[in-house]
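Report on the structure given below.
Residue numbers (the numbering used here): 427 to 1088.
Here it is, written out as structure tokens:
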């Protein structure tokens, strides 16, 4: 069993509007909070009030009241009673629409915004978030593309994945699916869950059976007889979108409660939750998604169709979610008029999402073409189902790493994007896995760009189930003072620091998975002293460097004694020391220092875990691990780039010993 669903906490992963603290725009509400004569009932600061920063997506008058993590379930009803009493004394009535008791403890309430100042003062209330809308994200080269990592066609142009994904169950949170369609008949279960808002601008609201093809189309992409990626996977529809492709955060939260209850009653080893909608940033959605992943579900979300930074939206911005952008048949970014696929560091990979032919709800044999990151996410969900059917014990982090490992690399043209988006967007297009032995799998996790102050810093972290084997920093102008490894709330962080008068810095964590992998961090005893791995069972997989002086001299593995991070005067270092059965590492060096850009690529079968720049009287912008290559860039014209890469692998088993004939 990969995941024990007993006690599985709720994961809300809906697409809501971009939600942020609403203090600046809601002055009237906040004046009430400040001026109200009622004092908090407990010695706690007022709770936060959060609202969507997409004004058109807000739902004033409907609020999620979320209690502190760990609050007993009984406090939900007690808080409701307190709020009712306080509102009644001021002549207001409340309508409690939903309660939540999974990843989030709280309730959905319909009330006047004049009552908000009472809600944020209640004991146990962590924050109040205004409800908001969620939206579907829609826009057979695609199947051949998944099968052919190098763009070729099979001899008979047929689709034959490694398996049919039959060991996986996919929960599709959408509007409707025509379960009698020939593509999905017998593969789709229509659950009895239904929580959608009324349609806008119509007098007669359509039933699910009258909706357009969005959900039917996606079900076909996942499991369709002819158009599906994983044709043996089961799809379970959880209805959270109306026939206009619109829903609410609160409705999606209730849908996740339904999934939770279903999995408690009927546990499933391999679970994929597909979220083909987006909104803006929402703390509630991201928190709940994170909790679902922590309990074993692979959660896949559309990046969004706004030609924007995916980090501005939820659930696409949640690091534990697999966020999928869309490409066309030429492996280029999907474009839709003024819109197009979202991009950036919050996107994990891209998948076919343009002109995708799949089932239509117009009739039981009809097909239609659609485009969008919803379609891309559905392809990724199918790939995840195939991966899980071959590796039922794989964690969500391992599923992601396998999907990235088998992706098509460096085919997307990122030139139209901004510098930051070009740097941080993954140049990866999803492909189906081939059979392979267990390998060390690693990926690079970028932070956002820091501010311009010399005290500004940024952090990157690995997912649950990954180990950090390397940590580096990169400054486009070369002004940085390095990086350190910190621990916060039990989680290891790669922290990069901007330099004086610098234009911002990125931190880049190298996050890896392999069975039995365990890593330790060992620091320099003092500035100017080397950091080293003391445990003989652990190998050096990465080095960091940090200085309080204006000029950083990077730390790097010792070329001869590979368990030490060498530093110069005034520099402190952290050594990343890792152990796994049969793990072996070696150093790859380029010390020529005669070029502005140096690239070091690990040999086939080896995986890059760290990339260290070596400063030689020149401004080094930093070292960046991209795919399986180490890129070291010095300032233009200085010709001083040099560096060392750490390449690791699981040693292959020895060949069988030769026997002597008797």
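Built from N, CA and C at the ideal position, the CB exists for glycine as well. Since the model is a prediction, treat every value here as computed from it, not as a measurement.
Report the rounded CA-to-CA distance for residue 1089 versus residue 855, giving the unit in angstroms. No information on residue 1089 is available, as it lies outside the stretch 427 to 1088 that the chain covers here.
What's the call for residue 924, buried or exposed, on a 16-neighbour Cβ count within 10 Å? By the neighbour-count rule (16 or more Cβ atoms within 10 Å), residue 924 is buried.
Tell me the rounded alpha-carbon separation between residue 579 and residue 698. Caution applies to residue 579, whose pLDDT of 44 falls short of 50 and renders its modelled position unreliable; the model cannot decide the point.
Measuring alpha carbon to alpha carbon, tell me which of 858, 938, 744, 833 ends up nearest residue 870. Answer by Cα proximity: 938.
Assigned secondary structure, residue 1071 (DSSP; H/G/I helix, E/B strand, else coil): strand
Skipping 5 residues on each side, what residues in its chain have a beta carbon closer than 6 Å to that of residue 822? The residues are 719, 724.
Name the DSSP beta bridge partners of residue 776, please? DSSP lists 751, 855 as partners of residue 776.
Cα separation between residue 393 and residue 802? No statement about residue 393 is possible, as the shown extent of the chain runs from 427 to 1088 and does not include it.
By Cβ distance, which residues of its chain are closer than 6 Å to residue 929, with the 5 residues on each side in sequence left out? 903
Between the region 530-549 and the region 501-509, can you find at least three pairs of beta-carbon atoms closer than 8 Å? yes
For a test of the three-state rule: what should DSSP assign to residue 717, helix, strand or coil? helix
Compute the Euclidean distance between the alpha carbons of residue 626 and residue 640, then round it to the nearest angstrom. 18 Å
In angstroms, rounded to a whole number, what distance separates the CA positions of residue 554 and residue 781? 41 Å
Taking all protein chains shown into account, decide if residue 700 is buried (16 or more other Cβ within 10 angstroms of its Cβ) or exposed. buried
Our contact map puts residue 1053 next to residue 995 with C-beta atoms below 8 Å; I'd like the distance itself, whole angstroms only. The Cβ separation is near 35 Å, so there is no contact.
What do you get for residue 1071, buried or exposed, if any count of 16 or more other CB atoms within 10 angstroms of its CB means buried? Counting every other CB atom within 10 Å of its CB across the protein chains shown gives residue 1071 a total of 16 or more, marking it as buried.
Note down, one range per segment and in chain order, each beta strand (DSSP E) of at least 3 residues found wholly within the region 785-853. 793-796
Quick test of your reading: residue 552 and residue 494, contact by CB under 8 Å. State the CB separation rounded to the nearest angstrom. Confirmed, about 5 Å.
Through-space distance from residue 568 to residue 600, alpha-carbon basis: 22 Å
Comparing C-alpha positions only, which one of 671, 1039, 943 sits nearest to residue 864? Considering only alpha carbons, the answer is 943.
Can you pull the DSSP bridge partners for residue 1100? For residue 1100 there is no data in the structure shown, the boundaries of the chain being 427 and 1088.
With 16 as the cutoff for other CB atoms within 10 Å, does residue 503 come out buried or exposed? By the neighbour-count rule (16 or more Cβ atoms within 10 Å), residue 503 is not buried but exposed.
Return the first residue and the last residue of the beta strand (DSSP E) that residue 514 is part of. Segment 500-515 is the alpha helix (DSSP H) holding residue 514; no beta strand (DSSP E) there.
Note down the Cα distance separating residue 492 from residue 475, rounded to an integer number of angstroms. 10 Å
Taking DSSP's pairing of strands, which residues face residue 707 in a bridge? DSSP output for residue 707 lists no bridge partner at all.
For residue 914, which beta-bridge partners are listed by DSSP? Bridge partners of residue 914: 917.
Who are the Cβ neighbours of residue 893 in its own chain at under 6 Å, not counting the five residues just before and after it? 938, 943, 945
Can you tell me where the beta strand (DSSP E) holding residue 964 begins and where it ends? It is not in any beta strand (DSSP E) - residue 964 carries neither H nor E in the DSSP assignment.
What does the Cβ neighbour count give for residue 771, buried or exposed, with the cut at 16 atoms within 10 Å? buried
What three-state label does DSSP hand residue 637 in the structure shown? coil
Unbroken alpha helix (DSSP H) runs of length 4 or more, entirely within the region 535-614: which are they? Along the region 535-614, the alpha helix (DSSP H) occurs as fully enclosed runs of 4 or more residues at 542-545, 567-573, listed in sequence order.
Rounded C-alpha distance that separates residue 487 from residue 841: 44 Å
Helix, strand or coil for residue 681? Go by DSSP, reduced to three states. helix
Please confirm whether residue 1001 and residue 948 have their CB atoms less than 7 Å apart. yes
Using the Cα positions of residue 677 and residue 997, report the straight-line distance between them to the nearest angstrom. 53 Å
Pick from 664, 918, 935 that is closest to residue 616, judged by C-alpha positions: 664
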